[in-house]
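Structure first, commentary second.
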Amino acid sequence: MDAAFAIATGLRFFRMGEPVSRWMIQLSMRTTGIWRIVEQPSVELDRRRYQPDALVEVRGPDGKKSVLVIEYKNQLQPKDVSRVAEQLRTYAEAVGERAAPLFISPFITQRTRESLSEADISFADKTGNVRIVLSRPGLFVQTQGASSDPNRESRSAKSLKGAKAGRLVRALCDFRPPLGIRELGERTGVDAGYVSRVVSFLETEAYLEREPRGPIVSVSWRKLLERWTKDFSFQKSNEIQAYLEPRDVAKVPERITAAAAAVTGSAAAAAVAPVAPTRMVMAYVADPEAVAKKIGLRRTESGANVLLAKPFDSVVFERTQEIGGVRYAALTQVAADLMRSPGRGPEEAEALLDWMENKEQSWRT
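First residue of the sequence shown: 43, per our numbering; consecutive thereafter.
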């Protein structure tokens, strides 16, 4: 904990435009007796070919040491992480086996932090978002800092809340690229300006790739669904009515025969990737009260095993599939609905997403 605190607090002295060495001096002052920080390690490096922003030697209490190969940028977008990671790895290979890459910045967004972690690149920002992994000396430091940039002047909306965003996410996940801005607008009924803004945001965050001035050529649909559920959830984004089926809840899906209806949640996931017996039925219906009355459900405030939702948007009734006479919501919708559901919902979502990755040709058109 002392090392973690030292690194996190040392970063708070790091300011945009100041040299990396200033940050390392402050860090060294706070790690006295724990870690020894040496700003100019004895490393031979061809500076004409390799130009990291700083090399810093870290020595543990046992005398083992590593060289941090540091790259600093004012900001780093997720789509640029692979390039920076490759650059850092090249520098580290030139330094030798003791080298460990480290990216630092005034602020690093959550999506960028995730991408850096996936690339095995340590990182740190001045707000205290830190993840440093060293094998020699053995060190793992992870601390949480700010979730948004405290120095950002303009805070344009970058969320996926609302019906229009939901329609776009569904289309991007349901349809295989290439997809143009105009085509997305026509498929979703969303104006081209809004489509363009959302696509630009998703491109910046590395959820999709597009050709310059051209169509979208790839979509990380699983990660995009996970990102959507930060702004969308079945129980909070829809009008929910809770009911009790005192007999056999597993029979409820086949009894929901309304024209505008789509079963989602555990029952829908179990149709393709069962995890456990269905104990809760979730369904989208245009008129929850009428459906409940027709199939004999009892309204309840506690102990519900059926949730009927008046949907946030009619997209939940699009691209449905019928299995065994039951109309199920599209798998992308089912997965999103499960991710933030109580109980086994997240576990069932993971199982469904794994199935979808292995069987993408069978559901993505």
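Idealized CB from N, CA, C, for every residue including glycine.
Just so it is clear, the structure is predicted and the values come from calculations on it, not from any experiment.
- Boundaries of the beta strand (DSSP E) harbouring P143: A141 to S147, taken from the DSSP string.
- C-alpha of L176 to C-alpha of M398: approximately 35 angstroms in a straight line.
- The Cβ atoms of D167 and F182 do not sit closer than 7 angstroms to each other.
- The C-alpha of V109 lies about 47 angstroms from the C-alpha of Y236.
- Counting only runs of at least 4 residues, the region 312-400 fully encloses the following alpha helix (DSSP H) elements, listed from N- to C-terminal order: 330-337, 373-381 and 387-400.
- According to the DSSP assignment, L158 belongs to the alpha helix (DSSP H) that extends over Q152 to E160.
- The beta carbon of E281 lies closer than 6 angstroms to those of K352 in the same chain, with the five residues before and after it left out.
- Sixteen is the threshold: since fewer than 16 other Cβ atoms of the shown chains lie within 10 Å of the Cβ of G366, the residue is exposed.
- Counting along the chain, G235 sits inside the alpha helix (DSSP H) bounded by residues A234 to T246.
- The continuous alpha helix (DSSP H) containing K278 extends over residues F276 to S279.
- Ranked by Cα distance from L250, the options E343, L144, A213 and V376 are led by A213.
- In this structure N193 is exposed. Its beta-carbon is surrounded by fewer than 16 other beta-carbon atoms within 10 angstroms.
- Just so you know, the alpha carbons of G204 and F354 end up roughly 8 angstroms apart.
- Ranked by Cα distance from Q119, the first of V261, L267, E139 and F243 is F243.
- Inter-residue distance for P295 and K278 is about 22 angstroms (C-alpha atoms, whole angstroms).
- Scanning its chain for C-beta atoms nearer than 7 angstroms, with the 5 sequence neighbours on each side dropped, one finds around A312 the residues T320, in chain order.
- In the DSSP annotation of this structure, Q117 is not part of any alpha helix (DSSP H), being labelled neither H nor E.
- Just so you know, the alpha carbons of K200 and G105 end up roughly 47 angstroms apart.
- Sorting N116, P220, T246 and L210 by C-alpha distance to the C-alpha of R229 places L210 at the top.
- Rounded to the nearest whole angstrom, the CA to CA distance from T132 to I112 is 12 angstroms.
- According to the DSSP assignment, E296 belongs to the alpha helix (DSSP H) that extends over V294 to R297.
- Counted as a single uninterrupted DSSP element, the stretch harbouring L221 is not any alpha helix (DSSP H), since DSSP gives it neither H nor E.
- With a minimum length of 3 residues, there is no unbroken run of beta strand (DSSP E) contained wholly in the region 184-209.
- According to DSSP, residue pairing for R264 in a beta bridge does not occur.
- The Cβ neighbour count for N400, taken over all protein chains shown within 10 Å, is under 16; the residue is labelled exposed.
- Inclusion of C215 and T362 in the CB contact set at 7 angstroms is not warranted, their separation being larger than that value.
- Taking 7 angstroms as the cut-off, the Cβ atoms of Y370 and A328 do not count as close.
- Residue burial is scored here from C-beta neighbours: G338 has fewer than 16 other C-beta atoms within 10 angstroms and is therefore classed as exposed.
- The three-state secondary structure of G102, taken from DSSP, is coil.
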